[in-house]
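Protein chains: 2
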Amino acid sequence: MAAKRIYLNAFEMACVGHQAPGLWRHPDDRAWRYKDLSYWTDLARLLERGRFDAIFLADVLGVYDVYEGSPDAALREATQVPMLDPVPLVSAMAGVTERLGFGVTVSLTYEQPYALARRLSTLDHLTDGRVAWNVVTSYLESAARNLGFDTQRAHDDRYDVGDEFMDVCYQLWEYSWDDDAVVRDPERGLFTDPAKVRPIGHHGRYYDVPGLFLAEPSPQRTPVIFQAGASPRGRSFAARHGEAIFINAVDRAATRRLVDDIRARIAGEGRDPESVRIFILLTAIAAETDAQARAKEEEYRSYASLDGALALYGGWSGLDLSGHDPDTPLAYIDTDAARSALEIFTRADPTRTWTPREVARYLTIGGIGPVVAGSPATVADELEAWVDETGIDGFNLAYVVAPGTFADFVELVVPELQRRGRVPAGYGPGRTLRENLVGTPTPHVRDDHPAARHRDRRRALAGEAVPSRA
Amino acid sequence: MAAKRIYLNAFEMACVGHQAPGLWRHPDDRAWRYKDLSYWTDLARLLERGRFDAIFLADVLGVYDVYEGSPDAALREATQVPMLDPVPLVSAMAGVTERLGFGVTVSLTYEQPYALARRLSTLDHLTDGRVAWNVVTSYLESAARNLGFDTQRAHDDRYDVGDEFMDVCYQLWEYSWDDDAVVRDPERGLFTDPAKVRPIGHHGRYYDVPGLFLAEPSPQRTPVIFQAGASPRGRSFAARHGEAIFINAVDRAATRRLVDDIRARIAGEGRDPESVRIFILLTAIAAETDAQARAKEEEYRSYASLDGALALYGGWSGLDLSGHDPDTPLAYIDTDAARSALEIFTRADPTRTWTPREVARYLTIGGIGPVVAGSPATVADELEAWVDETGIDGFNLAYVVAPGTFADFVELVVPELQRRGRVPAGYGPGRTLRENLVGTPTPHVRDDHPAARHRDRRRALAGEAVPSRA
Chain A
3 MAAKRIYLNA FEMACVGHQA PGLWRHPDDR AWRYKDLSYW TDLARLLERG RFDAIFLADV
63 LGVYDVYEGS PDAALREATQ VPMLDPVPLV SAMAGVTERL GFGVTVSLTY EQPYALARRL
123 STLDHLTDGR VAWNVVTSYL ESAARNLGFD TQRAHDDRYD VGDEFMDVCY QLWEYSWDDD
183 AVVRDPERGL FTDPAKVRPI GHHGRYYDVP GLFLAEPSPQ RTPVIFQAGA SPRGRSFAAR
243 HGEAIFINAV DRAATRRLVD DIRARIAGEG RDPESVRIFI LLTAIAAETD AQARAKEEEY
303 RSYASLDGAL ALYGGWSGLD LSGHDPDTPL AYIDTDAARS ALEIFTRADP TRTWTPREVA
363 RYLTIGGIGP VVAGSPATVA DELEAWVDET GIDGFNLAYV VAPGTFADFV ELVVPELQRR
423 GRVPAGYGPG RTLRENLVGT PTPHVRDDHP AARHRDRRRA LAGEAVPSRA
Chain B
3 MAAKRIYLNA FEMACVGHQA PGLWRHPDDR AWRYKDLSYW TDLARLLERG RFDAIFLADV
63 LGVYDVYEGS PDAALREATQ VPMLDPVPLV SAMAGVTERL GFGVTVSLTY EQPYALARRL
123 STLDHLTDGR VAWNVVTSYL ESAARNLGFD TQRAHDDRYD VGDEFMDVCY QLWEYSWDDD
183 AVVRDPERGL FTDPAKVRPI GHHGRYYDVP GLFLAEPSPQ RTPVIFQAGA SPRGRSFAAR
243 HGEAIFINAV DRAATRRLVD DIRARIAGEG RDPESVRIFI LLTAIAAETD AQARAKEEEY
303 RSYASLDGAL ALYGGWSGLD LSGHDPDTPL AYIDTDAARS ALEIFTRADP TRTWTPREVA
363 RYLTIGGIGP VVAGSPATVA DELEAWVDET GIDGFNLAYV VAPGTFADFV ELVVPELQRR
423 GRVPAGYGPG RTLRENLVGT PTPHVRDDHP AARHRDRRRA LAGEAVPSRA
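Sequences listed follow chains A and B, in order.
Residue numbering for the first sequence follows this note's numbering, starting at 3 and increasing by one per position.
Residue numbering for the second sequence follows this note's numbering, starting at 3 and increasing by one per position.
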């Protein structure tokens with residue numbers, strides 16, 4: 003059996019401190035150039051040269067103000083603030099690349115599907131089918147308060163809203179316009195044939211969208227759907243919609259169980275569980291030799307910020323650890339939020355208790371994800387072991403210093419992975435992100451994806467044969 | 003006295019048929035390539051070579067479905083449908099130009115100020131201060147119905163919401179972050195100094211935005227504000243906020259009166275009326291000789307579409323002319339909407355009655371705006387006469403065929419205007435759009451602009467001197 007392919011995304015965000023709190027201090031870090039166009043176009047060229055599948059752009063619409071009950075630590079440590087909108091970055095990067103994909107995070111919580119569907123179709127047109135939408139439901143109270151909500155919706159409600167939001171988008175993308183609606187026939191005086199465009203007539207619990215879609219079909223129609231739901235309800239949302247799913251991983255045994263759970267949920271949705279690419283966050287620190295890489299990691303760690311890490315942790319978990327002694331174990335914080343927030347760590351090592359300082363140290367490089375430091379062979383060994391032992395498909399690679407961490411990976415690790423047959427030498431014949439990442443024979447969603455139901459409805463109108471469903 | 007400078011914007015939209023219904027049939031028209039990135043990057047390069055001040059990107063979020071009570075005519079004639087979102091186009095164009103400005107239309111009706119302010123700041127960062135926001139309150143019922151409203155807000159209410167929306171944005175852009183908030187000082191462990199960033203604490207009638215802004219100050223902070231309100235309430239909104247204002251013009255005498263009215267309103271807001279650039283829509287058909295240009299215009303007109311024009315008119319006016327005999331005068335349609343919709347035409351010639359066919363013929367090339375066809379000297383003469391006789395500052399130049407109309411203008415007319423000292427040979431030293439267009443000594447809003455109030459509040463906090471207001 004051929005070695006299983008490894009998929010690579012660069013994990014980025016239009017901010018300074020993404021997953022490595024404190025590292026902005028490092029003289030090699032150029033992440034503060036996030037607001038310059040050339041930072042992004044140079045990075046996109048680098049990643050395409052390194053045969054990355056996509057750059058994945060995270061986003062949040064609020065500040066991390068749980069720790070110390072204030073945004074001050076986040077500001078001091080540039081912890082995801084200041085931060086820009088990822089959507090406007092894409093077309094410039096598309097203009098300097100041919101094949102790199104773009105995974106863009108947009109929270110559906112603060113959008114209307116009619117407008118967001120058009121924005122994403124625009125990106126898919128401009129990139130010639132290289133766009134993925136990372137669907138998130140926002141988790142920061144600080145965002146909700148500034149965006150017209152008194153507080154966040156209850157967690158599970160957010161996913162109910164999300165299911166309807168996705169369904170509206172799928173109707174706009176897959177049902178409203180036929181493939182051959184745009185005729186551009188001067189003889190008949192017909193640019194678009196109105197008989198091949200239809201209103202979606204959606205009247206749901208949360209959204210009313212009666213009309214037709216404004217955009218003509220883009221290369222992929224539905225952008226590749228990325229998702230990262232972690233809770234049980236979130237996992238089932240991801241299993242329903244995600245074509246790539248990001249999970250938190252600490253150790254391999256727990257990750258194996260999580261991957262199995264997610265693939266079972268995907269199967270439970272009537273989808274082929276092997277058609278979904280599962281990614282974990284991972285940080286690779288590569289150097290010519292293991293010793294050099296370990297030295298580099300230690301040097302990086304000397305820039306770590308406890309405050310920045312706890313600010314990040316506060317935003318993710320809702321838990322303010324500022325009142326706790328940094329060296330006292332956290333197990334006694336006996337609330338639902340605390341248990342859930344600590345779950346990732348106790349899963350990593352159930353026999354151990356975690357203190358605030360240990361949590362912060364853990365998060366300081368690579369957030370909630372493993373860190374691998376070593377020579378090209380060592381890093382490649384580790385990546386292969388993760389993939390082969392856990393059943394994941396690839397990695398969201400975070401940076402310690404940007405773009406240095408990516409440049410090291412491209413120069414050192416990618417050639418090694420290519421030699422081992424894990425990363426293809428070039429991009430395949432299918433030009434869209436979906437063909438590359440999901441392996442579909444066309445740019446469009448698989449028949450077992452929920453968006454395909456609306457494609458079937460469209461095809462049935464035209465009298466076309468529609469695949470039968472199990 | 004030196005000849006008054008003439009400002010030039012290219013008037014575009016991410017669609018096929020913008021202001022010339024039917025011209026998609028013309029073999030020279032390439033507007034159907036609007037969904038390809040290279041259409042936009044090539045156009046941006048052309049315009050910068052032609053010393054245009056900006057490309058102005060229109061937008062609507064609905065379809066033109068008033069005519070015949072259906073979107074069919076708009077679809078057949080590609081009348082602003084299919085259409086994409088203009089925001090994602092900008093960064094690619096910015097990547098291939100140095101000085102061209104980008105005026106982007108975003109309706110505030112379907113946005114939250116907290117998110118939109120960040121999106122616009124992102125564009126201002128990525129373009130290095132070359133962005134203008136064309137503020138619109140949406141006018142299409144078809145948009146409202148698909149975006150969470152049962153119907154549109156009442157017209158004047160839309161502007162009340164708009165005033166508060168603008169004020170929230172100004173607070174985020176001008177008040178929340180000090181110029182020197184980002185310190186990036188590894189020694190002090192301070193990326194952003196929290197003492198120099200503050201929540202805006204906005205609790206208004208329509209919006210609650212208590213928090214601090216997510217983006218650090220962009221080169222212009224507040225993007226250049228474009229506005230095009232035409233009604234009395236709309237004009238006073240434009241006079242308050244607009245740094246460039248677009249008006250509909252048919253004849254020069256009426257335009258002179260309108261310009262005087264707008265400048266008086268600007269003065270009434272305590273602003274220097276000459277600091278605001280007033281633009282009219284105009285279509286220039288240029289050729290080597292007058293005869294060639296006239297022949298070109300006639301040839302273009304042979305592609306005109308009555309249906310497409312009446313679809314456009316229906317969307318703008320709310321008036322469905324499909325039930326009316328095309329050759330019967332419209333004066334008898336005695337409703338407020340009809341009177342208001344016809345006002346532009348009766349202003350053009352009060353002694354004449356207009357039939358649907360005449361309205362359509364008028365709109366067919368250049369929408370509601372004059373058409374000038376001639377040699378470079380003739381076109382330049384006409385543009386000079388418009389500027390000198392009406393007090394406007396420049397033109398939103400529409401295309402008949404794209405990009406051909408712009409290419410002709412750049413090749414033929416711009417050199418003539420430059421010879422006459424009306425268009426500068428190159429771009430000035432100030433690199434931002436505001437310095438170029440408004441002529442400010444810095445990239446920031448003038449002291450008499452309403453956004454400056456929040457800058458004053460910020461400066462007062464720092465103990466800086468603040469200009470006194472009349």
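For every residue, glycine included, the Cβ atom is placed at its ideal position computed from N, Cα and C.
Owing to the predicted nature of the structure, the values given are computational and were not obtained by experimental measurement.
Margin query: Checking 8 Å against the spacing of the C-beta atoms, do B:A145 and B:L399 come in under that value?
Written below: no
Margin query: Which of the three DSSP states is assigned to B:H456 in this structure?
Written below: helix
Notebook entry, point to check: If you scan the stretch 17-74 of chain B from start to end, which runs of the beta strand (DSSP E) of 3 or more residues do you find wholly inside it?
Noted result: 56-60
Item checked: Inter-residue Cα distance where the pair is A:Y9 and A:Y36 -> 25 Å
Next item on the list: Starting from the Cα of A:S233, find the closest Cα among A:L439, A:K298, A:D263 and give me that residue.
Entry: A:D263
Next item on the list: Give a yes or no on whether 8 Å exceeds the smallest Cβ distance from A:M168 to chain B.
Entry: no
Margin query: To test your reading of the DSSP string, which unbroken alpha helix (DSSP H) runs of 4 or more residues are found completely within the stretch 112-143 of chain A?
Written below: 115-128
Notebook entry, point to check: Using a C-beta to C-beta distance shorter than 9 Å, which residues of chain B count as neighbours of A:P73?
Noted result: P196, V199, P201, G213, L214
Next item on the list: Count the other CB atoms, across all protein chains shown, that sit within 10 Å of the CB of A:D391; report buried if there are 16 or more and exposed otherwise.
Entry: Position check: residue 391 of chain A holds Glu in this sequence, whereas Asp was assumed. By the 10 Å Cβ count, A:E391 comes out exposed.
Checklist line | Contacts that A:E34 makes with chain B (C-beta to C-beta distance below 9 Å) | finding: Here residue 34 of chain A is Trp; the residue named in the question, Glu, does not match the sequence. Result: V184, R186, F193.
Next item on the list: Check whether the Cβ of A:I367 lies closer than 8 Å to any Cβ atom in chain B.
Entry: no
Notebook entry, point to check: Mind pulling the beta strand (DSSP E) runs of 3 or more residues that sit fully within the stretch 179-242 of chain A?
Noted result: 184-187, 192-194, 226-229
Next item on the list: Please work out which residues of its chain come closer than 8 Å, Cβ to Cβ, to B:Y315, disregarding the five sequence neighbours upstream and downstream, and give them in chain order.
Entry: Y69, L321, L323, A343, V361, A362, L365
Next item on the list: Please list the partners that A:P225 has in chain B, where partner means a Cβ-to-Cβ separation under 8 Å.
Entry: Per Cβ cutoff of 8 Å: no residues; A:P225 is ~12 Å from chain B at best.
Margin query: Helix, strand or coil for B:R376? Go by DSSP, reduced to three states.
Written below: A small fix is needed here, since residue 376 of chain B is Gly in this sequence, not Arg. B:G376: strand per DSSP, three-state reduction.
Check: Roughly how many angstroms separate the alpha carbons of B:P221 and A:G203, rounded to a whole number?
Finding: 44 Å
Notebook entry, point to check: Would you report the Cα separation of B:R7 and B:R267, rounded to the nearest angstrom?
Noted result: 23 Å
Item checked: Cβ neighbour criterion (16 or more within 10 Å) applied to B:A472 -> A caution first: B:A472 carries a pLDDT of 45, below 50, which makes its placement in the model unreliable, though a value can still be read off. Counting Cβ neighbours within 10 Å, B:A472 comes out exposed, since fewer than 16 surround it.
Notebook entry, point to check: Is the Cβ-Cβ distance between A:A313 and A:T81 less than 8 Å?
Noted result: yes
Checklist line | Neighbour flag for B:W135 against chain A, beta carbons, 8 Å | finding: no
Notebook entry, point to check: Secondary structure at B:G103, three-state DSSP: helix, strand or coil?
Noted result: strand
Item checked: Nearest candidate by alpha-carbon position, reference A:H127, set A:K298, A:Y401, A:T224, A:P29 -> A:T224
Note to self: Run through chain B and tell me which residues come within less than 7 Å of A:D410, C-beta to C-beta.
What the structure shows: The contacting residues do not exist; A:D410 stays about 22 Å from chain B at best.
Checklist line | Of the listed residues B:Y112, B:L110, B:A117, B:V106, nearest to A:S109 (C-alpha basis) | finding: B:A117
Checklist line | Environment of B:A288 [buried if 16+ CB atoms lie within 10 Å] | finding: buried
Next item on the list: Could you tell me the boundaries of the alpha helix (DSSP H) in which B:F151 lies?
Entry: It is not in any alpha helix (DSSP H) - B:F151 carries neither H nor E in the DSSP assignment.
Check: Is it the case that the Cβ atoms of A:E192 and B:V65 are separated by a distance below 8 Å?
Finding: Per the sequence shown, residue 192 of chain A should be read as Leu rather than Glu. In this structure, B:V65 does not lie closer than 8 Å to A:L192 by Cβ.
Item checked: B:D329 versus B:T355 - alpha carbon distance -> 11 Å
Note to self: For a cutoff of 8 Å on Cβ pairs, would you count A:Q173 as touching chain B?
What the structure shows: no
Check: For a contact meaning CB atoms closer than 8 Å, what does A:A94 contact in chain B?
Finding: S93, A94, A96, G97, L128
Notebook entry, point to check: So, are the CB atoms of B:A246 and B:L439 less than 8 Å apart?
Noted result: yes
Notebook entry, point to check: In whole angstroms, what is the alpha-carbon distance linking A:V389 and A:P417?
Noted result: 18 Å
Check: In this structure, does DSSP put B:A472 in helix, strand or coil?
Finding: At B:A472, the pLDDT of 45 sits below 50, so the modelled position is not reliable; the number obtained from the coordinates is stated separately. Coil at B:A472, not helix or strand.
Item checked: Alpha carbon of B:G131 to alpha carbon of B:I367, nearest angstrom -> 33 Å
Margin query: So if DSSP puts B:G396 in a beta bridge, which residue, or which two residues, is it bridged to?
Written below: B:Y9, B:F281
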